[in-house]
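Asker: To start, I am sharing the structure in question, which I have written as structure tokens.
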Amino acid sequence: MNAIDTYYNDPSHRRSEEAAVKAERAVRAKQRQEAERFYREAAEAELTVAVRVGDDGSEPVLRSLFAVSTVALFFKAKDFAKARNSAYLFLARPECLSSDGRDELEGLLAKIAREASLKQLMTEQPNAAALDLVLSGGQVGHGLIASRATIPRREAFQSLVDRAWELKGGRDFRRRGISTANVLLLEQATYSGSFGLRFIIMQKDERPNPSNDEPSARDVASYILELAKLATTSPDHLKDEVEDPAYAKAFLTAFRDLAADGKAIGSITLGYAATFDESVTLSHTVREQITTTLRTLDDREATPIRLEGVLKVVHLRGSEPKIGIEDLEGKYHELRIERGTQDDTIGAKVNRHVIVQGVKDLERDGERDNWAHDVQVAED
Numbered sequence: 018m019n020a021i022d023t024y025y026n027d028p029s030h031r032r033s034e035e036a037a038v039k040a041e042r043a044v045r046a047k048q049r050q051e052a053e054r055f056y057r058e059a060a061e062a063e064l065t066v067a068v069r070v071g072d073d074g075s076e077p078v079l080r081s082l083f084a085v086s087t088v089a090l091f092f093k094a095k096d097f098a099k100a101r102n103s104a105y106l107f108l109a110r111p112e113c114l115s116s117d118g119r120d121e122l123e124g125l126l127a128k129i130a131r132e133a134s135l136k137q138l139m140t141e142q143p144n145a146a147a148l149d150l151v152l153s154g155g156q157v158g159h160g161l162i163a164s165r166a167t168i169p170r171r172e173a174f175q176s177l178v179d180r181a182w183e184l185k186g187g188r189d190f191r192r193r194g195i196s197t198a199n200v201l202l203l204e205q206a207t208y209s210g211s212f213g214l215r216f217i218i219m220q221k222d223e224r225p226n227p228s229n230d231e232p233s234a235r236d237v238a239s240y241i242l243e244l245a246k247l248a249t250t251s252p253d254h255l256k257d258e259v260e261d262p263a264y265a266k267a268f269l270t271a272f273r274d275l276a277a278d279g280k281a282i283g284s285i286t287l288g289y290a291a292t293f294d295e296s297v298t299l300s301h302t303v304r305e306q307i308t309t310t311l312r313t314l315d316d317r318e319a320t321p322i323r324l325e326g327v328l329k330v331v332h333l334r335g336s337e338p339k340i341g342i343e344d345l346e347g348k349y350h351e352l353r354i355e356r357g358t359q360d361d362t363i364g365a366k367v368n369r370h371v372i373v374q375g376v377k378d379l380e381r382d383g384e385r386d387n388w389a390h391d392v393q394v395a396e397d
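Remember, my numbering sits 17 above the position in the sequence shown when you count from 1.
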């Protein structure tokens, strides 16, 4: 019997496999504590085999497989201390591991540090909530992405958090100015999928006399995911669910700006950090559907328009907010934007190459105005 058969048929490895299968079933049933218990059993059993594999340096590839499996199982069990210690145990003898095995263990250590940090924060701030935004496909690399692709999505997510807090708290729609939402948005780097952004929503300060209707950070996160499901299923459903049309436009605009463009980013997934329970996918198709819905929110006669060029001017003050676009032929175009719908995200796009989708509307006085519904950074 060769080394592979010897260790894969080891009773401890068999117990590990059985416990891991039970853990996966518990995950699918959303029994998180049970899943973590079975993952821990699997990790303990796997460790007893891993330390014996290639201890003399004769099986670096096989030892690496068992070592990575052990650490990954402890990680899934959220036993970060044992996961870290196990990784150090194997890395202490690098000559017994393959090059790829060492790299994978070091990568797991970085991941363990991030998740342990998040776990500590969530312990200290029990009302906080963490959401992951995973970007993949298109021009996204593993842990690498063009900054121009992330900046507008950070702005869009901040807008979602502020607007969700304001609406859930019964505030009137904010048409201008900075949000006074009592939530703080933190960001933690993560490399789930190809590239990830982790947003941690927490209470900004302890107010002496908070109102009973003030939403918590968890309320805000849950509401964002609820709206995201509506936006991805049918943007019209979100419009119907959010009774205030101004808020509906703001949410639809933010989800559209979050969604993949189909070129630089192929797909974006939003869900609770690490677990991705109740996750939703914001694809390029979803972006187009939301843009179509935004165009139909006005009952005036409209003709679709599309412009490509550099965003030169943004005027948000006054009764008629406007933007100015210099197209690819050097011609200047002025377009109106709906008050309050893009204030939170338009600033990051100034002096950048953008694609504008909108409509030419027939106004009540018979004149036609160009309206910009979607100002998308050209990420190709």
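We put the CB at the ideal spot given by N, CA and C, even for glycine.
Bear in mind that the values here come from a model prediction, so they are computed numbers and not experimental data.
For Asp261, collect the residues of the same chain with a Cβ closer than 8 Å to its Cβ; drop the 5 residues on either side in sequence, then sort them by chain order.
Answerer: Within the same chain, Asp261 has close Cβ partners Leu184 and Phe190.
Asker: Nearest to Phe272 by CA position, among Ile195, Arg171 and Lys221, is which residue?
Answerer: The candidate whose alpha carbon is nearest that of Phe272 is Arg171.
Asker: Note the first and the last residue of the continuous alpha helix (DSSP H) segment covering Gly158.
Answerer: Neither: Gly158 is in no alpha helix (DSSP H) and is coded neither H nor E.
Asker: In chain order, what residues of the same chain have a beta carbon less than 6 Å from the beta carbon of Ala67, not counting five sequence neighbours either side?
Answerer: Once the five neighbours on either side are set aside, the close Cβ partners of Ala67 are Phe83, Ala84 and Thr87.
Asker: DSSP three-state label for Gly102, please.
Answerer: For the record, residue 102 in the displayed sequence is Asn; it is not Gly. Looking at Asn102 - three-state DSSP - the assignment turns out to be helix.
Asker: Return the CA-CA distance between Asp96 and Asp120, expressed in angstroms with no decimal places.
Answerer: Using only the alpha carbons, I get a separation of about 21 Å.
Asker: Using only the alpha-carbon positions, how far apart do Ala133 and Glu258 sit?
Answerer: So the two alpha carbons sit approximately 37 Å from each other.
Asker: Which residue comes first and which comes last in the alpha helix (DSSP H) that contains Thr297?
Answerer: The residue you asked about is not Thr; residue 297 is Val in the sequence shown. Run containing Val297: none in the alpha helix (DSSP H); it sits in the beta strand (DSSP E), Val297 to Ser300.
Asker: Just curious, the alpha helix (DSSP H) that Asp402 is in, first and last residue?
Answerer: Given that the chain is displayed from residue 18 to residue 397, the structure contains no residue 402 and the question cannot be resolved.
Asker: Is it true that the CB of Ala52 sits closer than 8 Å to the CB of Gly33?
Answerer: Looking at the sequence provided, one finds Ser at residue 33 rather than Gly. Against a cut-off of 8 Å, the Cβ pair of Ala52 and Ser33 comes out as no contact.
Asker: Entirely within the stretch 32-104 and at least 4 residues each: give me those alpha helix (DSSP H) ranges in chain order.
Answerer: Whole alpha helix (DSSP H) segments, 4+ residues: 49-67 and 77-93.
Asker: Check this for me: beta carbons of Phe216 and Val157, under 8 Å apart or not?
Answerer: No. Outside cutoff.
Asker: Identify whether Ile282 lies in helix, strand or coil by the three-state DSSP scheme.
Answerer: Note: Ile282 maps to coil in three-state DSSP.
Asker: For Thr320, which beta-bridge partners are listed by DSSP?
Answerer: For Thr320, which the question treats as bridged, DSSP gives the partners Lys377.
Asker: In this structure, how does DSSP classify Phe293 when only helix, strand and coil are distinguished?
Answerer: Caution is warranted here: a pLDDT of 48 is assigned to Phe293, below 50, making its placement in the model unreliable, and the coordinate value is therefore given only provisionally. Correct three-state label for Phe293: coil.
Asker: For Lys348, is the classification buried or exposed, using 16 other Cβ atoms within 10 angstroms of its Cβ as the cut-off for buried?
Answerer: Exposed, since its Cβ has fewer than 16 Cβ neighbours within 10 Å.
Asker: What number of angstroms, rounded off, separates the C-alpha of Gly341 from the C-alpha of Leu114?
Answerer: Roughly 59 Å between the two C-alpha positions.
Asker: From the DSSP output, in three-state form, read off Gly383 for me.
Answerer: With a pLDDT of 45 at Gly383, under the threshold of 50, the predicted position of this residue should be treated as unreliable, and no value is reported.
Asker: When the Cα atoms are used, what is the spatial distance from Leu299 to Thr167?
Answerer: About 14 Å.
Asker: Under 8 Å, Cβ to Cβ, is there at least one residue of chain C near Val303?
Answerer: The structure shown contains no chain C; it holds only a single protein chain.
Asker: For the candidate residues Phe91, Leu345 and Tyr24, whose alpha-carbon lies nearest to that of Asn102?
Answerer: Looking at the Cα atoms, Phe91 is the closest of the given residues.
Asker: Quick one: what's got a C-beta closer than 7 Å to Ser284's C-beta in the same chain, skipping five residues either side?
Answerer: Result list for Ser284: Ser153, Gly154, Ala277, Thr298 and Ser300, in chain order.
Asker: Leaving out the 5 sequence neighbours to the left and right, which residues in its chain are closer than 6 Å to Ala100 when beta-carbon positions are compared?
Answerer: Excluding residues within five positions, the ones whose Cβ falls inside 6 Å are Val88, Phe91, Phe92 and Ile129.
Asker: What would DSSP say about Asp179, mapped onto helix, strand or coil?
Answerer: If DSSP states are grouped into helix, strand and coil, Asp179 belongs with the helices.
Asker: Helix, strand or coil for Gly347 per DSSP?
Answerer: Three-state result, Gly347: coil.
Asker: Which residues mark the beginning and the end of the beta strand (DSSP E) in which Arg131 is found?
Answerer: Segment Ser116 to Glu141 is the alpha helix (DSSP H) holding Arg131; no beta strand (DSSP E) there.
Asker: Closest by CA to Val330, which one among Asp378, Ala281, Val392 and Gly357?
Answerer: Cα-wise, what sits closest to Val330 is Val392.
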